[in-house]
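Below is one structure, written out as structure tokens, with a few remarks after it.
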Amino acid sequence: MIDASMDRVNRFRAEAESRDLPSEEVEEWIRVARPAVYLAESGDGPLVARIGGVPLLPHGVPEPSDPFVASVDLAALPPGATSLPLPADGHLLFFSGTEVSGIGGRVSDAVLYVPAGTPTAPSPLEHSWREPYRTRELRTVWHQPSAQMPESYALDRWGDFPEDEQFELADELSDAWAHVGGYRPSWTLQLGGHPASPQNDPVHDARTPEEAGPSEHGGPAHAQDADDWALLATWRCGDDVTELDSGVAHWVIRRQDVTARRFDRVHRYVEMA
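Straight run, no breaks: the sequence shown in full-length UniProt numbering ends on number 273.
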């Protein structure tokens with residue numbers, strides 16, 4: 001863990017102690033936090049990601065079914081900044097419409113991995129139902145531990161039916177964590193970590209047998225697969241999507257599928273506050 005992250009963890013321990021929160025729950029909250037990368041506009045650093053505009057697609061790739069959201073230069077990410085086994089280079093391209101999905105599901109062309117050195121060309125999406133999203137460059141990048149949402153923590157910690165006191169404890173842990181977070185610019189794109197969702201936790205939703213679909217062996221998804229699900233990315237739509245109020249899009253995937261470069265197995269969720 002990098003020094004800045006350790007500093008936040010230590011300040012969280014001190015803040016939680018001042019609130020008389022149980023030390024075992026404090027340590028569990030820290031244990032389940034996952035590293036994440038947050039990208040924002042402005043800054044004079046290298047171009048890490050581009051939002052909107054026209055995608056650069058490899059020759060012969062079928063046109064994706066949804067509008068282009070972002071292209072992320074994986075080589076520009078800090079090494080080890082997420083817990084995902086992402087490729088070391090190349091680009092990840094994300095696609096999403098703005099129809100609120102409630103419960104998401106697998107979308108085979110929602111994410112495209114373009115290996116480094118692959119010939120590409122600007123490819124306007126001729127069949128897209130909307131104009132391209134506004135073009136923006138993301139050059140501000142930071143990484144830090146990402147905590148679970150309190151309800152998700154409570155469900156994972158105490159089962160499907162936590163008591164009211166346990167939900168309250170999760171809220172208190174979350175409040176103490178946020179209190180020591182410090183200033184961060186308003187981010188546009190998150191990679192890895194836990195989701196920040198205005199409605200439901202998309203990672204929890206993807207764990208359900210109905211959403212997870214068949215296992216690698218053809219049968220129902222096995223319980224041991226549940227912890228393999230992780231957040232790949234979240235896009236805060238902001239003013240770019242006027243039809244959504246504080247809209248977000250999430251892309252969720254199994255870690256084993258990231259390792260296998262099977263981004264066609266991504267599940268996507270679109271929601272608003």
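Think of the CB as a built atom: it goes at the ideal place given N, C-alpha and C, for glycine as much as any other residue.
Note that the structure is predicted; figures quoted are calculated from it, not measured.
Taking the C-beta atoms as reference points, residue 77 is found nearer than 9 Å to residue 37.
In this structure, residue 252 and residue 198 do not form a Cβ contact; the two beta carbons are roughly 16 Å apart against a cut-off of 8 Å. Using a Cβ distance threshold of 9 Å, residue 191 and residue 236 do not count as a contacting pair.
In this structure, 150 is the residue among 254, 162, 150 with its C-alpha nearest to the C-alpha of residue 178.
Closest option to residue 70, judged by alpha-carbon separation, among 245, 81, 51: 51.
In the three-state reduction of the DSSP assignment, residue 202 falls in the helix class, which pools H, G and I. Shown here, residue 42 sits in a strand according to DSSP, grouped into three states. One alpha carbon belongs to residue 45, the other to residue 158, and they sit about 43 Å apart. Look at the beta carbons and you see the region 118-127 not touching the region 15-22: under three pairs across the two are nearer than 8 Å. A Cβ-Cβ contact shorter than 9 Å links residue 12 with residue 180. By the 16-neighbour rule on beta-carbons within 10 angstroms, residue 111 is buried. Here residue 107 carries a coil assignment [DSSP, helix/strand/coil]. Each residue's CA atom was taken as its position, placing residue 238 and residue 175 some 24 Å apart. Residue 194 and residue 272 have their C-alpha atoms roughly 17 Å apart. The C-beta of residue 98 has 16 or more other C-beta atoms within 10 Å across all chains shown, which makes the residue buried. With respect to the 9 Å criterion, residue 39 and residue 48 are classified as neighbours on the basis of their beta carbons. The Cβ atoms of residue 114 and residue 64 lie no closer than 9 Å to each other.
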